[in-house]
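A.B. asks: Just dropping this structure here.
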Amino acid sequence: SLPLLKNLSIRKNHFEGLIPQTLSHCRGLQILSERYNQFYGSIPKLVIIGSPAPFQLHCLISQN
Numbered sequence: 626s627l628p629l630l631k632n633l634s635i636r637k638n639h640f641e642g643l644i645p646q647t648l649s650h651c652r653g654l655q656i657l658s659e660r661y662n663q664f665y666g667s668i669p670k671l672v673i674i675g676s677p678a679p680f681q682l683h684c685l686i687s688q689n
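Okay, here's the thing in structure tokens:
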């Protein structure tokens, strides 16, 4: 669990497979950049308990 993680960039790493559901543990995540990998599936629903609204997550995803 990385509750303080705000920005995760894993671009151009040739990762492939399902988008990890464990991302839902990153409750402070605001920016997720997964460009130029071969991920598939849905982005995990982030369960935010006790967080002030509104919550915003910017996802930068492209498939090549």
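Using my numbering, read the sequence shown as starting at 626 and increasing by one per residue.
Every residue, glycine too, gets a C-beta built ideally from N, C-alpha and C.
(1) Can you determine whether any heavy atom of the ligand GTP sits closer than 6 angstroms to the C-beta of Glu641, and answer yes or no?
(2) Taking the C-alpha atoms as reference points, what is the distance between Tyr665 and Ile644?
(3) Tell me whether the beta-carbon of Arg652 lies closer than 7 angstroms to the beta-carbon of Pro669.
(4) Give the straight-line distance between the Cα atoms of Ser667 and Ser649, rounded to the nearest whole angstrom.
(5) Whole-angstrom Cβ separation of Asn632 and Ile656, contact assumed at under 8 angstroms?
C.D. replies: In this structure, then:
(1) Looking at this structure, you won't find the ligand GTP or any other ligand, since it has none at all.
(2) 6 angstroms
(3) no
(4) 12 angstroms
(5) 5 angstroms
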